[in-house]
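The structure appears right after this line, and notes come after that.
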Amino acid sequence: MEDSKPCLNAVRELLLQEISVLTEDEFNETAENHAWSIAQICQHLVKTEILFQKALAFGLRQKQQSRPQRRPIGIVSDRSVNYQAPKVSEPDDGPFQIPQIIQQLNVARSDFLALLDSVEDKSVLKEAAVHHPRFGDLPLDQWVELLHLHERRHAEQIKELKSVLKQNLDPSRHSS
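Below, the structure written as structure tokens:
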């Protein structure tokens, strides 16, 4: 479980590097074939992390030791497979400000890690599960791993979207 923190920190650092160089307009702009702006993707990540924290807290309170089945969550890394976000984690319309979103990301991560740090016996994370809308009953330690995989997926999406936005703004592409 301790190896989850470096993964969570590394993917967050990658995400922050991607968004910190953007203008507010770039942050909030949507591109063709992309349903969400970079800002909306980031707000989705905030909402998702809060929901994951609630799921983890719920599972820890239940204290049901069931040795749940491991799930193939690595599929989340495959960006050729599309998922519909649950309504509860869909972003608002915006616009958003970069400092505001960064603060929300930082608070959500701090709260998530504080909950994780409060677990004295980490083995309970493998023994308890909470229902996940895509994977069914998911062991708590896999919720933690899934958070990292989900954020990495969206960080890659943001990199791709930045490239698309840059091409759309390139004046040489629009000259005759």
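Numbers given in my numbering equal positions in the sequence shown, counted from 1, plus 1038. C-beta: ideal position from N, C-alpha, C; glycine also.
Please determine, among the options, the residue with the shortest C-alpha to C-alpha distance to residue i.
i, options, result
"tryptophan 1181", "Arg1191, Pro1044, His1192, His1169", "His1169"
"valine 1108", "Gln1091, Leu1178, Gln1141", "Reading off the sequence shown, one finds arginine at residue 1108, where the question assumed valine. Closest by alpha carbon: Leu1178."
"cysteine 1045", "Ala1152, Val1162, Arg1190", "Arg1190"
"aspartate 1041", "Ile1196, Glu1198, Ile1139, Leu1154", "Leu1154"
"arginine 1172", "Thr1068, Ile1140, Glu1062, Pro1110", "Pro1110"
"serine 1058", "Ala1069, Asn1047, Glu1070, Cys1080", "Cys1080"
"asparagine 1066", "Ser1161, Leu1187, Leu1143, Ile1139", "Ile1139"
"leucine 1098", "Glu1165, Ser1075, Asn1144", "Glu1165"
"phenylalanine 1134", "Asn1047, Ile1196, Ser1075", "Ser1075"
"valine 1202", "Glu1070, Gln1142, Leu1060", "Glu1070"
"glutamine 1195", "Leu1143, Thr1061, Phe1150, Thr1068", "Thr1068"
"leucine 1053", "Gly1112, Tyr1121, Asn1144", "Asn1144"
Can you round the beta-carbon distance between residue i and residue j to whole angstroms, since I take them to be within the 8 Å contact cut?
i, j, result
"alanine 1073", "glycine 1132", "That belief does not hold up - the Cβ atoms of alanine 1073 and glycine 1132 are roughly 13 Å apart, past 8 Å."
"leucine 1089", "serine 1115", "That belief does not hold up - the Cβ atoms of leucine 1089 and serine 1115 are roughly 20 Å apart, past 8 Å."
"alanine 1123", "histidine 1082", "6 Å"
"lysine 1043", "leucine 1184", "Not quite, the Cβ-Cβ distance comes to about 15 Å (not below 8 Å), so this is no contact."
Could you check where the alpha helix (DSSP H) with residue i kicks off and where it finishes?
i, result
"valine 1168", "Note, valine 1168: premise wrong, no alpha helix (DSSP H); beta strand (DSSP E) at 1167 to 1170."
"proline 1044", "1042 to 1058"
"isoleucine 1111", "Run containing isoleucine 1111: none; DSSP gives neither H nor E here."
"glutamate 1087", "1076 to 1100"
"glutamate 1062", "1062 to 1066"
Applying the 10 Å Cβ sphere with the 16-neighbour rule, what's the burial state of residue i?
i, result
"proline 1129", "buried"
"threonine 1086", "buried"
"histidine 1212", "Because the pLDDT of histidine 1212 is 48, which lies under 50, any placement of that residue in the model is unreliable, and the number read from its coordinates should be weighed accordingly. It counts as exposed."
"arginine 1105", "exposed"
"glutamine 1091", "buried"
"isoleucine 1136", "buried"
"phenylalanine 1096", "exposed"
"arginine 1117", "exposed"
"glutamate 1198", "exposed"
"glutamate 1062", "exposed"
"glutamate 1158", "exposed"
"glutamate 1051", "exposed"
### Task
Run through the segment 1125 to 1192 for me and flag every whole alpha helix (DSSP H) of 4 or more residues, listed as ranges in chain order.
1136 to 1155, 1162 to 1165
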